[in-house]
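Residue numbers (this note's numbering): 48 to 115. The beta carbon of each residue, even a glycine, is placed where N, CA and C say it ideally should be. Everything on this sheet refers to the single structure shown next.
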Amino acid sequence: MGGVLELFVFMVIIATAAFAPLGYFIYKYTNKNAQPFGDTEPHGDSHSFVNDMAETVIHFVKSKLGKK
């Protein structure tokens, strides 16, 4: 009987660990008016320093390769 009880406790611990991310997502989703990650902008609408630098490097490389 002790083996069954130990197995039950072990399975409850594993199930808790398995479903914890789902519970956290549901908690965050209902926390901020159905926006789990806050206000996010659609992809491509906002400018960033990294994107601007990448575009500058790409144009620089294209201009150097075009001159050869």
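Distance, residue j Cα to residue i Cα
| i | j | result |
| --- | --- | --- |
| Tyr76 | Leu54 | 33 Å |
| Met100 | Lys111 | 17 Å |
| Phe66 | Phe72 | 10 Å |
| Lys114 | Val104 | 16 Å |
| Met48 | Asn78 | 43 Å |
| Ile60 | Val97 | 43 Å |
Contact test: residue i Cβ vs the ligand MG heavy atom, cutoff 8 Å
| i | result |
| --- | --- |
| Thr103 | Ligands displayed in this structure: none; no statement on the ligand MG is therefore possible. |
Residue i in three-state terms, based on DSSP
| i | result |
| --- | --- |
| His106 | helix |
| Met58 | helix |
| Met100 | helix |
Cβ neighbours of residue i in the same chain (closer than 7 Å, five flanking residues each side left out)
| i | result |
| --- | --- |
| Thr63 | none |
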